[in-house]
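Asker:
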Amino acid sequence: MRTSGLQFSTRSDGFVDIGYEDYTVDIFDGMDVEVTYTLSKQDFSLLLNALPASGKSDKARLIDAFTADFDSDAFETFCEAHGIEFKRHVWIG
Numbered sequence: 319m320r321t322s323g324l325q326f327s328t329r330s331d332g333f334v335d336i337g338y339e340d341y342t343v344d345i346f347d348g349m350d351v352e353v354t355y356t357l358s359k360q361d362f363s364l365l366l367n368a369l370p371a372s373g374k375s376d377k378a379r380l381i382d383a384f385t386a387d388f389d390s391d392a393f394e395t396f397c398e399a400h401g402i403e404f405k406r407h408v409w410i411g
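Taking my numbering, the leading residue of the sequence shown gets 319, the next gets one more, and so forth.
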C-alpha cells in the first residue's frame, strides 16, 4: 500500500479539507481509499488554536500533530477532545 500523505486545502467557501489517499489497499481488494475531513472556518480555527504554536505553516503544524501520513484516529480523537466538529467523507474505488 502506498499513501499520498496528508492533503490540505482551503475551499473558496471558507471550508477546509484535510485528508489522505491510500492506494492499492489489500483489505479492499487492491482498491484506493480516500478519506477527507471537512471543517468549517470556525472549527479549523479551533483546531489551529488547540495545536502548539510553532511559527510553521498550517500544513506543517498538522503534520507535526498527526504525522505526514495523517493518523486519522489521532485526528478524530483530538477533535472530539477539543469540541471540534468535522464531516468525514470516505471513498473506496
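Backbone N, C-alpha and C fix where the C-beta goes; we use that ideal spot for every residue, glycine too.
Being a predicted model, the structure only gives us computed values, none of them experimental.
1. Under DSSP, the beta strand (DSSP E) around Thr328 begins and ends at which residues?
2. Rank Asp347, Asp344, Asp391 by C-alpha distance to the C-alpha of Tyr355 and give the top, closest one.
3. If distances are taken between C-alpha atoms only, which option among Ile402, Asp350, Asp331 comes closest to Glu339?
4. Determine the DSSP secondary structure at Ile410, reduced to helix, strand or coil.
5. Report yes if the C-beta distance between Leu364 and Val334 is below 8 Å; otherwise report no.
6. If Ser372 sits next to Asp382, beta carbons under 8 Å apart, how far is it from one beta carbon to the other, in whole angstroms?
7. Evaluate Ile345 with the Cβ neighbour count: other Cβ atoms within 10 Å of its Cβ, from every protein chain shown; 16 or more gives buried, anything less gives exposed.
8. Buried or exposed: which applies to Ile410, given that a residue is buried once 16 or more other Cβ atoms fall within 10 Å of its Cβ?
Answerer: Judging by the given coordinates:
1. Along the sequence shown, read from residue 1 onward, the residue named residue 328 stands at position 10. First-last of the beta strand (DSSP E) with Thr328: 325-328.
2. Counting from one through the sequence shown, the residue named residue 355 turns up at place 37. Nearest of Asp347, Asp344, Asp391 to Tyr355, Cα basis: Asp391.
3. As a first step, residue 339 is located in the sequence shown; it is residue number 21 there, counting from the start. Looking at the Cα atoms, Asp350 is the closest of the given residues.
4. On the sequence shown, position 92 is the one that residue 410 refers to. Of the three classes helix, strand and coil, the one that applies to Ile410 here is strand, per DSSP.
5. If you number the sequence shown from 1, residue 364 lands on position 46. If you number the sequence shown from 1, residue 334 lands on position 16. Cβ atoms of Leu364 and Val334: not closer than 8 Å.
6. The residue given as residue 372 occupies position 54 in the sequence shown. The residue given as residue 382 occupies position 64 in the sequence shown. Right, the Cβ-Cβ distance comes to about 7 Å (below 8 Å), so this counts as a contact.
7. One-based indexing of the sequence shown puts residue 345 at position 27. Classification for Ile345: exposed.
8. Within the sequence shown, numbered from 1, the residue matching residue 410 stands at position 92. Residue burial is scored here from C-beta neighbours: Ile410 has fewer than 16 other C-beta atoms within 10 angstroms and is therefore classed as exposed.
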